[in-house]
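Numbering of the sequence shown is given in the working numbering, commencing with residue 8 and proceeding in unit increments. Glycine residues also receive a C-beta, built at the ideal position from the N, C-alpha and C atoms. What follows is a single structure, written as structure tokens, with notes after it.
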Amino acid sequence: MEEVDIIDVCGKMIALQKKVDQQKKVGSMVDRDTATLLADCQDYVVFLVADAIEKDSESVSDLLVLLTRCEGMCESEKDKEHVGFFFSLSLVLSLKFGLGMFKSETISREDFEESWTRTREALEL
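Right under this line is the structure:
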């Protein structure tokens, strides 16, 4: 897969999402071409993350920084869908590789399972 700057892809995703939102707002069908372009951009980012996980890439921390930048771009443009998208992908990388923007952000599987047990009990799940 030819590599493209993820920041550029993120900018296109924001613009495409605005177009989709506008189409929904006026009650019209979402243009198939626009939806396909947006889905392909999302898939590109997902496959970047999947490749990084599969290859145990040394550049994971760089990708994590870029995903966080994309999350911030989406936040500033009020693109809530993609704020969550980029946050979730960065969280997957953080958990897989034990990385975080700050040392206090990382959590081990064991620590999570202990915390989840308490949460599950508190929420009666």
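Worksheet item: How many Å lie between E120 and K85 at the Cα?
Response: When the Cα atoms are used, E120 and K85 turn out to be separated by approximately 33 Å.
Practice prompt. Since I believe V27 is in contact with A42 (beta carbons under 8 Å), could you give me their beta-carbon distance rounded to a whole number of angstroms?
Written response: Sure, about 7 Å apart at Cβ, within 8 Å.
Discussion item. Is the separation between the beta-carbon of Q24 and that of E88 shorter than 8 Å?
Written reply: Yes, these two residues count as a Cβ contact at 8 Å.
Item to complete: Could you name the residues of the same chain whose beta carbon sits closer than 6 Å to that of L70, not counting the 5 residues immediately before and after it, in chain order?
Response: Excluding positions up to five away in sequence, the list reads A59.
Worksheet item: According to DSSP, is S35 helix, strand or coil?
Response: Three-state DSSP puts S35 in coil, outside helix and strand.
Worksheet item: Using DSSP with H/G/I as helix, E/B as strand and the rest coil, what is M20?
Response: Shown here, M20 sits in a helix according to DSSP, grouped into three states.
Worksheet item: From which residue to which residue does the alpha helix (DSSP H) around G91 run?
Response: Where G91 is concerned, the enclosing alpha helix (DSSP H) stretches over 87-104.
Discussion item. If I measure Cβ to Cβ from C17 and keep anything under 6 Å in the same chain, skipping five residues before and after, which residues do I get?
Written reply: C77, M80.
Discussion item. What residue range does the alpha helix (DSSP H) around D118 cover?
Written reply: Membership of D118 in the alpha helix (DSSP H) is indicated by the continuous run 116-129.
Worksheet item: Hey, how far is the Cα of F104 from the Cα of V72?
Response: Approximately 14 Å between the Cα atoms of the pair.
Worksheet item: What is the residue span of the alpha helix (DSSP H) that V67 lies within?
Response: Following the DSSP letters along the chain, one finds V67 inside the alpha helix (DSSP H) bounded by residues 67-83.
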